[in-house]
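Residue 5 is where the sequence shown starts when you use our numbering, and the numbers rise one by one after that.
Just so you know, even glycine gets a beta-carbon here, dropped at the ideal spot from N, CA and C.
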Amino acid sequence: MQAQTNIYDVIVVGAGASGLVCALELARGGKKVLVLEKEITCGRKILVSGNGECNFTNRQVAPDKYYGDQDFVKAALVKFSYQDALNYFTDLGLLYREEKGRFFTYTSKASSLATCLTCALKEAGAQLILKTEVSKITQDNKTKIFKVSSKQGQNYFAKNIVLACGSLAYAQVGGTKAGYTLAQSLGHTIKPLSPALCSINLQEKSALTRLAGLKVQAMASLKENGKLIAQEEGEVLFNNQGVSGNNIFSLSRNAKKGQILELNLFNQFTKEEFSSFIDARAKKYSHRKLKDFFAGILADTLANLMIDFLGFRKNLLICDLNSQNFARIKEVLQAWPFRVEGLRPFEQACAAKGGVDTREVQKGTFCSFKNPNVYITGELLDIDGRCGGFNLHFAWSSAICAAKTLLGKK
Ligand SMILES: Cc1cc2nc3c(=O)[nH]c(=O)nc-3n(C[C@H](O)[C@H](O)[C@H](O)COP(=O)(O)OP(=O)(O)OC[C@H]3O[C@@H](n4cnc5c(N)ncnc54)[C@H](O)[C@@H]3O)c2cc1C
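Have a look at this one:
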């Protein structure tokens, strides 16, 4: 490797959530930092996050909101809590608002947070180069200096590397496999990857055609051979292919073809309470036709679909139903079964399950055990959070931890 004059203390690969925060802290701490970003703008996933409103942290941030090694997550969260995140972004000039424990930008524009970050980065003196995709990283055996080569043919040199390349989810805003390839070239192992936080496709396409666009509150349970795999309560949105919504997103990492997704549309009642509720209604509305019996408690489309699903006639009178018929109605409304067809592809997933094996990265410092001058942050690691601001929070906290460690280095 030829002698280099322009050697950075740190090159951060990727100007996304974790890369921007890490670079900002390093520059504020006096390090000579270069951020390389393959896209034409930075923070593209920040910009689309939270439906464009950026759900950047959550009052409930805790290790149990994450999948992967929870001790690994804990070591980061103790150093950067949700309150630290609020203080951090307030200090960058961001106003925020809270919705059921989830924090969003006050302006409802994710660009507000991204711009606060990029302004601060510039003011702190970090150098950012866009449209530069890092394709290779090598290290000089003698000097230990890294040579960072881009697809565009440029070379950059640094004493330390932070890999903040994110996951391959949502390629249309920068999701890529590149980070895994770079991590592998530096000696790391990649745990198998699959989409997380995405819609679940269901097999009942003709039912979905009728339900598409409908929103219901439900307890959604994933079951395999009758065994409960996972469940989440909240809003369920039907579409032509299946279901989405925050709780469905959180379930998706456990969803597999052939499982049953059961919807309890009346989870506020126990089985017994619901049975009495339906019995009382049946008494009161015994003269009504079946199709009108559900008025006020079930959307029309759902009521009609259920009547067809159970094979009843819509004009049947309530007083003509027998106890077995009622038992079926009660059962379906508290455990409506749909068959899982699969998940949406990575292009439509908000996060990835799998990534760099966290056993190869030091807890709380994010320093690689494979190379003491390499740090790995954010979603590139085998950590994924539930829906609700947890993934961005992990990105910020991992970045802060890595920056603190690097600033403590001579
Ligand atoms: C549609 C959508 C909505 C989301 N909403 C939320 C939400 O509301 N709340 C929440 O907590 N999380 C949300 N997430 C997840 C969250 O955005 C990510 O977990 C987070 O951005 C990960 O941060 P990161 O720094 O690891 O990666 P990223 O933010 O993805 O940044 C990685 C950066 O590295 C760049 N890069 C990659 N490889 C290279 C290379 N070889 N050379 C140069 N640059 C490279 C990429 O272009 C990218 O800019 C959402 C994700 C999506 C897709």
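| request: Have a look at the DSSP bridge pairing and note the partners of T142. | output: Position 138 of the sequence shown, counting from 1, holds the residue named residue 142. Answer by DSSP bridge pairing, in chain order: K151.
| said: Considering only the alpha carbon of each residue, which of G54, A406, D388, K408 lies closest to Q74? | reply: Counted from its first residue, the sequence shown places residue 74 at position 70. Closest option to Q74, Cα to Cα, is D388.
| field | Close-in-space but distant-in-sequence residues of the same chain around K367 (CB under 7 Å, 5 per side omitted) | value | Start at 1 with the first residue of the sequence shown, and residue 367 comes out as number 363. Here the set comprises D75, F76, A79.
| query | Hey, G97 and N375 are a contact pair by Cβ (cut 8 Å); roughly how many whole angstroms apart? | reply | On the sequence shown, residue 97 is found 93 positions in, with the first residue counted as 1. On the sequence shown, residue 375 is found 371 positions in, with the first residue counted as 1. Not a contact, Cβ separation roughly 36 Å.
| request: Examine ligand 1 and report whether any of its heavy atoms sits within less than 7 Å of the Cβ of V52. | output: Residue 52 sits at position 48 when you count from the first residue of the sequence shown. True, at least one ligand heavy atom lies under 7 Å from that Cβ.
| Spatial neighbours of C323 in its chain, beta-carbon cut-off 6 Å, leaving aside the 5 residues before and after | Here residue 323 refers to the residue found at position 319 when the sequence shown is read from its first residue. Around C323: S290.
| request: Could you check which residue in K148, G56, I44 has the C-alpha nearest to that of K135? | output: Looking up residue 135 in the sequence shown gives position 131. Comparing Cα positions, the closest option is I44.
| Say the cut is 7 Å; is the CB of S22 nearer than that to a heavy atom of ligand 1? | As a first step, residue 22 is located in the sequence shown; it is residue number 18 there, counting from the start. Yes; taking the cut-off as 7 Å, the Cβ of S22 has a heavy atom of ligand 1 nearer than that.
| request: Mark D386 as exposed unless 16 or more other C-beta atoms lie within 10 angstroms of its C-beta, in which case mark it buried. | output: Residue 386 sits at position 382 when you count from the first residue of the sequence shown. Buried is the call here.
| request: Find out if the Cβ-Cβ distance for the pair E345, K261 is shorter than 8 Å. | output: As a position in the sequence shown, residue 345 is number 341, starting the count at 1. As a position in the sequence shown, residue 261 is number 257, starting the count at 1. Yes.
| query | To which residues of the same chain is G393 closer than 7 Å at the C-beta, ignoring the five residues directly before and after it? | reply | The count along the sequence shown starts at 1 and reaches residue 393 at position 389. Hits under 7 Å: N59, F60, T61, N62, R106, F107.
| message | For ligand 2, is there any heavy atom lying closer than 7 Å to the beta carbon of V177? | response | What this structure holds is ligand 1, not ligand 2.
| In the DSSP assignment, what residue or residues form a beta bridge with T185? | Against the sequence shown, residue 185 aligns to sequence position 181. Answer by DSSP bridge pairing: none, since T185 is not bridged.
| Between A114 and G72, is the Cβ-Cβ spacing less than 8 Å? | Here residue 114 is taken as the residue at index 110 of the sequence shown, counted from 1. Here residue 72 is taken as the residue at index 68 of the sequence shown, counted from 1. The answer is no: Cβ separation not under 8 Å.
| Which of helix, strand or coil does DSSP assign to A286? | The residue labelled residue 286 in the question sits at position 282 within the sequence shown. Helix.
| message | I need the straight-line Cα distance from V138 to A27, nearest angstrom please. | response | The sequence position of residue 138 within the sequence shown is 134, counting from 1. The sequence position of residue 27 within the sequence shown is 23, counting from 1. The straight-line gap from Cα to Cα measures roughly 16 Å.
| Can you name, in chain order, every residue of its own chain whose Cβ lies under 8 Å from the Cβ of V152, other than the five neighbours on each side? | Counted from its first residue, the sequence shown places residue 152 at position 148. Hits under 8 Å: I15, V17, L40, V138, K140, I141, N159, Y160, F161, A162, I165.
| Which residue comes first and which comes last in the beta strand (DSSP E) that contains G359? | Locating residue 359 in the sequence shown gives position 355, where the first residue counts as 1. That run of the beta strand (DSSP E) goes 355 to 360.
| Do you know how far the Cα of G249 is from the Cα of Q259? | Translated into the one-based positions of the sequence shown, residue 259 becomes position 255. Translated into the one-based positions of the sequence shown, residue 249 becomes position 245. The amino acid occupying residue 259 in the given sequence is Ala; Gln does not appear at that position. For A259 and G249, the distance between alpha carbons rounds to 14 Å.
| request: Can you give me the start and stop residues for the beta strand (DSSP E) that K163 sits inside? | output: Numbered from 1 along the sequence shown, position 159 holds the residue referred to as residue 163. From DSSP, the beta strand (DSSP E) with K163 extends over 159 to 167.
| message | Is N251 a contact residue of ligand 1, with contact defined as CB to any heavy atom under 7 Å? | response | As a first step, residue 251 is located in the sequence shown; it is residue number 247 there, counting from the start. Because no heavy atom of ligand 1 lies under 7 Å away, the Cβ of N251 does not count as near it: no.
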